[in-house]
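Chains as they are written, first to last, in the numbering used here: chain E, 1 to 314; chain D, 1001 to 1357.
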Amino acid sequence: MDLIDILLSASFWTATIRIASPLIFATMGELICERAGVLNLGIEGIMVAGAFAGWMAVYSGTGLWTGVAIAMLVGMAFGLLHSLLTVPFGLSQHVVGLGLTLLATSLTYFSYRLALPQVTSPPKIEAFEVLPIPVLSDIPIIGPALFAQTPLTYLAFALVLAVSITLYRTPLGLALRAAGENPAAVAAQGLSVTALRMGAVIVGSGLMAVGGAFLTMSAFDSFFFEMVNGRGWICIALVVFGAWKPGKALMGAVLFAAFDALQIRIQQTPIGANIPYQVFLMMPYFLSIVALVAMSRRAEVPAALMVPFNKGER
Amino acid sequence: MGSKGNTHLRLEPISNPTLARTILPPLIALGSTVVIASLLAMIAGANPFSVLGLIVKGAFGSKFAALETLNRATPLIFTGLSVAVAFRAKLWNIGAEAQLYAGAVVTVILGTGALTLPSIALVPFIAACAMIAGAVVLLIPTILKTRFGVDEVVTTLLFNFIFLLFVSMLLEGPLKDPMGMGWPKSARLIPEARLPRILPGLRLHWGFALAILAAIAVWIIQKRTTLGYEMQAVGLNPEAARFAGIPVRAALIKTALLSGGLAALAGFSEVAGLKGSLTLDLSPGFGYTGIIVAMLALLNPLAVIAAALFVAGIFVGADSMSRAAGVPTYLADIMLATALLLMVLAILLTRFRIRRE
Chain E
1 MDLIDILLSA SFWTATIRIA SPLIFATMGE LICERAGVLN LGIEGIMVAG
51 AFAGWMAVYS GTGLWTGVAI AMLVGMAFGL LHSLLTVPFG LSQHVVGLGL
101 TLLATSLTYF SYRLALPQVT SPPKIEAFEV LPIPVLSDIP IIGPALFAQT
151 PLTYLAFALV LAVSITLYRT PLGLALRAAG ENPAAVAAQG LSVTALRMGA
201 VIVGSGLMAV GGAFLTMSAF DSFFFEMVNG RGWICIALVV FGAWKPGKAL
251 MGAVLFAAFD ALQIRIQQTP IGANIPYQVF LMMPYFLSIV ALVAMSRRAE
301 VPAALMVPFN KGER
Chain D
1001 MGSKGNTHLR LEPISNPTLA RTILPPLIAL GSTVVIASLL AMIAGANPFS
1051 VLGLIVKGAF GSKFAALETL NRATPLIFTG LSVAVAFRAK LWNIGAEAQL
1101 YAGAVVTVIL GTGALTLPSI ALVPFIAACA MIAGAVVLLI PTILKTRFGV
1151 DEVVTTLLFN FIFLLFVSML LEGPLKDPMG MGWPKSARLI PEARLPRILP
1201 GLRLHWGFAL AILAAIAVWI IQKRTTLGYE MQAVGLNPEA ARFAGIPVRA
1251 ALIKTALLSG GLAALAGFSE VAGLKGSLTL DLSPGFGYTG IIVAMLALLN
1301 PLAVIAAALF VAGIFVGADS MSRAAGVPTY LADIMLATAL LLMVLAILLT
1351 RFRIRRE
């Protein structure tokens, strides 16, 4: 049976973890924003900007890690803009987020055209290489999947742990979650809801940009228009699917990536070849909707998500 | 109530705003947009003072340019109305792109010879069917919202990707033009299914007039009917609306039907009026741009016409400016995004005063 062969192949699981990595960064970024009470619909555009900024930096001669840092800084700058408009000014998070996605995307394409006016195919960079971890990567199937990846993938998994510990085991995390659940209580403790929320959006946006940079610096070695292709929106669905919890969101991202890796392989089987390829390409988006519906009843939405605090009329 | 210890901004409502308070912030927002665009043009190596002139000239400088702008504004009026209707009821329809293509697909299915009726009957019939298709496409996320509480922002966004792939599948399958030399393109509409030009020889079709009529119709619905009142009430405060005896769920569904239908008319008018057939690049994001149009119009249906002309002018003008000055056309999108963000801020500042405490 073809399906069993696919599921037992190391390359399938390696691809799954690779596909999941950018989603993990961006999902953690969105999760941090939403836990603090801010929906960040700038995610799609910020991923585009991060993908370009990191790749462009390396193409211009910086090291790979410097490129990642630059991508993150670019994301944080967009996060600062988003949070300024949505937190102290309390503007509609829907409108600002969508506007920011348009701004970040168009600024990126504008910069790309300025930097490389005459190219037909975008130049390549020396991307991150696979860094196998000795011994562990020799375990059958899961060894290569988990321990023969690029450094950014290891970072993605470490990030989930870091976000989890910060959210649930530190005073900062407690304050952050409270800002998204009961901001009045945070203010009563003498803490600034504004600072907490702005900080969360800025850091979260930085992580989204690193998710974008993974595409150009680790998964591929070049920048293409449309390369983010809705991944940001999928990450918003993953946050809901993960019930706003880092561990569950990670599982969601891996599950999602497994389906994505699977559809690519089924396309190449004799049965798959008879089905229009668009059906397979629809699956990730369709799956995200199904996940949203399935989790809708159980999800515990942060109580103050999308509710501005400290607006004058209170 | 504010937090202790920290200085931060507080917004204080202004009860009687002066004329300057009402007009200045939006003007400054538009002015800043122009300054930012000029700076970016300068970075791109063009003369910053000539770029705005080139855009205006490219959009309205000749009869040809002005007609091009009116043609470009037509689908934007429809998608802008679609978004304005939905957002007023706080139904976050980001899926006008999918609804537009639903209208276009129906137009092609019915208009390429499947039905042979005189033009006077065929065109309105196709338009009505297109509206139904668009309405159904938005109905799905709306029912997911009202029944299961699934956020419609994400579902309508995801539907855009699904529907575009679906159209691609149709264009490479059942809707593919057998005479199309292998291009993923539909057959051409029969002449009876086309929207004719308003004046012979003038490159402007009846879709534009239909868009204006649609804007007036939406305005009447919002100002003069119970449905308009219900949509407004649901958007302002769903809890209060429910308490006042308004069937919130039904009002949202009616809003969705109207909003989806309006967006579908954009697809109908582009295929039947302008292009004559369907390709995958029928819409360069008209559905998404409709959000900007609606926001710049402050969700007012009549102002949508002006906002669509403004946005279309920037796109058409930027194309022409790009050819003349060598600045990438993406400058148009940057200007619109900047205008949108600054405008929502400016509108806030017409109603609130910033206090530091």
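Each residue gets a CB set at the ideal place from its N, CA and C atoms; glycine is no exception.
Keep in mind the model is a prediction, meaning the values are calculated, not measured.
Cutoff 7 Å; reference residue i; Cβ partners in own chain excluding five residues on either side
{"i": "Ala178 of chain E", "result": "Ala185, Val186"}
{"i": "Asp260 of chain E", "result": "Ile19, Pro284"}
{"i": "Phe309 of chain E", "result": "Pro183, Val193"}
{"i": "Pro316 of chain E", "result": "Within the shown structure, residues of chain E are numbered from 1 to 314, placing residue 316 of chain E beyond reach of any answer."}
{"i": "Thr166 of chain E", "result": "Leu172, Gly173"}
{"i": "Val1051 of chain D", "result": "Ala1037, Ser1038, Ala1041, Met1321, Ala1325, Val1327"}
{"i": "Tyr109 of chain E", "result": "Phe225"}
{"i": "Gly204 of chain E", "result": "Gly29, Glu30, Ile32, Cys33, Asn40, Gly79"}
{"i": "Phe214 of chain E", "result": "Ser21, Pro22, Phe25, Leu152"}
Span of the alpha helix (DSSP H) around residue i
{"i": "Ile1143 of chain D", "result": "1119-1148"}
{"i": "Phe78 of chain E", "result": "64-86"}
{"i": "Ile1036 of chain D", "result": "1019-1043"}
{"i": "Val1108 of chain D", "result": "1096-1111"}
{"i": "Arg1224 of chain D", "result": "1206-1224"}
{"i": "Ile1292 of chain D", "result": "1286-1296"}
{"i": "Phe1310 of chain D", "result": "1301-1325"}
{"i": "Lys1254 of chain D", "result": "1248-1269"}
{"i": "Trp233 of chain E", "result": "231-241"}
{"i": "Phe1166 of chain D", "result": "1152-1172"}
{"i": "Ser1283 of chain D", "result": "First-last for Ser1283 of chain D: undefined, no H or E at that position."}
{"i": "Glu34 of chain E", "result": "10-35"}
{"i": "Thr101 of chain E", "result": "93-115"}
{"i": "Thr194 of chain E", "result": "193-214"}
Residue from the options whose Cα sits closest to the Cα of residue i
{"i": "Gln1408 of chain D", "options": "D:Ser1082, D:Ala1339, D:Asp1177", "result": "Summary: the structure shown does not reach residue 1408 of chain D, with chain D confined to residues 1001 through 1357, and so no result is reported for it."}
{"i": "Pro122 of chain E", "options": "E:Lys245, E:Thr153, E:Gly45, E:Phe224", "result": "E:Phe224"}
{"i": "Leu1298 of chain D", "options": "D:Leu1067, D:Phe1087, D:Leu1052, D:Ala1214", "result": "D:Phe1087"}
{"i": "Leu1024 of chain D", "options": "D:Arg1356, D:Arg1355, D:Met1343", "result": "D:Met1343"}
{"i": "Thr1359 of chain D", "options": "D:Phe1161, D:Glu1192, D:Phe1352, D:Ile1143", "result": "In the structure as shown, chain D starts at 1001 and stops at 1357, and residue 1359 of chain D therefore has no counterpart that could be examined."}
{"i": "Gly1149 of chain D", "options": "E:Ala36, E:Arg297, E:Glu226", "result": "E:Arg297"}
{"i": "Ala69 of chain E", "options": "E:Gln189, E:Phe78, E:Ala219, E:Gly206", "result": "E:Gly206"}
{"i": "Gly29 of chain E", "options": "E:Ser21, E:Ile43, E:Gly37", "result": "E:Ile43"}
{"i": "Val58 of chain E", "options": "E:Leu100, E:Thr105, E:Glu300, E:Ser218", "result": "E:Ser218"}
{"i": "Gly983 of chain D", "options": "D:Pro1301, D:Ala1308, D:Met1042", "result": "Residue coverage of chain D in this structure runs from 1001 to 1357, which leaves residue 983 of chain D outside it and unanswerable."}
{"i": "Gly67 of chain E", "options": "E:Leu8, E:Ala53, E:Ala162", "result": "E:Ala53"}
{"i": "Ala71 of chain E", "options": "E:Arg231, E:Gly211, E:Ile32, E:Phe220", "result": "E:Gly211"}
{"i": "Thr1156 of chain D", "options": "D:Thr1146, D:Ile1140, D:Leu1165", "result": "D:Ile1140"}
{"i": "Trp1206 of chain D", "options": "D:Ile1212, D:Ala1029, D:Arg1197", "result": "D:Arg1197"}
{"i": "Met227 of chain E", "options": "E:Leu255, E:Ile46, E:Phe147", "result": "E:Ile46"}
{"i": "Pro1118 of chain D", "options": "D:Leu1195, D:Val1105, D:Gly1061", "result": "D:Leu1195"}
Status (buried if at least 16 other CB within 10 Å, exposed otherwise) for residue i
{"i": "Trp1183 of chain D", "result": "exposed"}
{"i": "Gln118 of chain E", "result": "exposed"}
{"i": "Trp13 of chain E", "result": "buried"}
{"i": "Gly1283 of chain D", "result": "Per the sequence presented here, residue 1283 of chain D reads as Ser, with Gly not at that position. Its Cβ being crowded by 16 or more others within 10 Å, Ser1283 of chain D is buried."}
{"i": "Ser1259 of chain D", "result": "buried"}
{"i": "Gly1045 of chain D", "result": "exposed"}
{"i": "Ile133 of chain E", "result": "exposed"}
{"i": "Leu1011 of chain D", "result": "buried"}
{"i": "Leu3 of chain E", "result": "exposed"}
{"i": "Asn1237 of chain D", "result": "exposed"}
{"i": "Asp1151 of chain D", "result": "buried"}
{"i": "Cys235 of chain E", "result": "buried"}
{"i": "Thr170 of chain E", "result": "exposed"}
{"i": "Arg197 of chain E", "result": "buried"}
{"i": "Phe1310 of chain D", "result": "buried"}
{"i": "Ser111 of chain E", "result": "buried"}
{"i": "Tyr168 of chain E", "result": "exposed"}
{"i": "Asn274 of chain E", "result": "exposed"}
Residue i, enclosing beta strand (DSSP E) - first and last residue
{"i": "Arg1356 of chain D", "result": "1352-1356"}
Sequence-distant residues of the same chain with beta carbon closer than 8 Å to residue i, five excluded per side
{"i": "Gly247 of chain E", "result": "Val160, Ser164"}
{"i": "Lys1185 of chain D", "result": "Leu1171, Lys1176, Asp1177, Ser1277, Leu1278, Thr1279"}
{"i": "Thr1112 of chain D", "result": "Ser1186, Ala1187, Arg1188, Leu1189, Ile1190, Ala1193"}
{"i": "Ala304 of chain E", "result": "Gly37, Ala179, Gly180, Glu181, Asn182, Pro183"}
{"i": "Val1056 of chain D", "result": "Gly1313, Gly1317"}
Same chain only: Cβ atoms within 6 Å of residue i, ignoring 5 sequence neighbours per side
{"i": "Ala1263 of chain D", "result": "Thr1079, Ser1082, Ala1096, Gln1099, Leu1100, Gly1134"}
{"i": "Thr1225 of chain D", "result": "none"}
What are the complete alpha helix (DSSP H) segments, minimum 4 residues, inside the region 134-190 of chain E?
142-147, 151-169, 171-181, 183-188
Which parts of the region 1056-1097 of chain D are runs of the beta strand (DSSP E), unbroken and 3 residues or longer, counting only runs that do not cross its ends?
none
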